[in-house]
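Residue numbers (the working numbering): 189 to 323.
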């Protein structure tokens, strides 16, 4: 009798398991995917050992850094006076809507709305130390 029940309910359990897997959102950060997202940023920003300020500041070592303090970059007063220290949460809020997070910022980017892209970009940026070397 137990064997009959196992055979009868096994397909249901399998389908339920597959349904759960297919509807569970991805939460892992993907550095490779983040590098592709980075292409949206690279027109204004640089990372890596040879990075230089451009339209926007270099983003080497951005996490843990106070906003408006990258050496040699001319920030807006809004950015310099924001009181923000960059971490993953603050960055996610900012990159969704830069002008909403820091009214008066010079950053003209409209923002990333896709949560997974934000996570992936965060993972990509987090690998660069202040010296531009990958950790």
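Glycine included, each C-beta is placed from N, C-alpha and C at the ideal position.
Taking buried to mean at least 16 other C-beta atoms within 10 Å of its own C-beta, is residue i buried or exposed?
i, result
"residue 246", "buried"
"residue 302", "exposed"
"residue 227", "exposed"
"residue 258", "buried"
"residue 269", "exposed"
"residue 252", "exposed"
Leaving out five residues before and five after residue i in sequence, what residues of the same chain have Cβ atoms less than 8 Å from its Cβ?
i, result
"residue 242", "232, 233, 234"
Could you give the first and the last residue of the continuous alpha helix (DSSP H) run that contains residue i?
i, result
"residue 222", "219-226"
"residue 250", "Careful: residue 250 lies outside any alpha helix (DSSP H) and carries neither H nor E."
"residue 244", "First-last for residue 244: undefined, no H or E at that position."
"residue 313", "303-314"
Put residue i into one of helix, strand or coil per three-state DSSP.
i, result
"residue 322", "strand"
"residue 277", "helix"
"residue 240", "coil"
"residue 267", "helix"
Are the Cβ atoms of residue i and residue j separated by less than 7 Å?
i, j, result
"residue 313", "residue 225", "no"
"residue 306", "residue 283", "yes"
"residue 239", "residue 320", "yes"
"residue 255", "residue 293", "no"
"residue 280", "residue 219", "no"
Between residue i and chain C, is the shortest Cβ-Cβ distance under 7 Å, so that the two count as touching?
i, result
"residue 289", "No chain C appears in this structure, which consists of one protein chain only."
By Cβ distance below 6 Å, which residues in the same chain neighbour residue i in space, the five residues on each side in sequence not counted?
i, result
"residue 261", "241, 245"
"residue 272", "255, 278"
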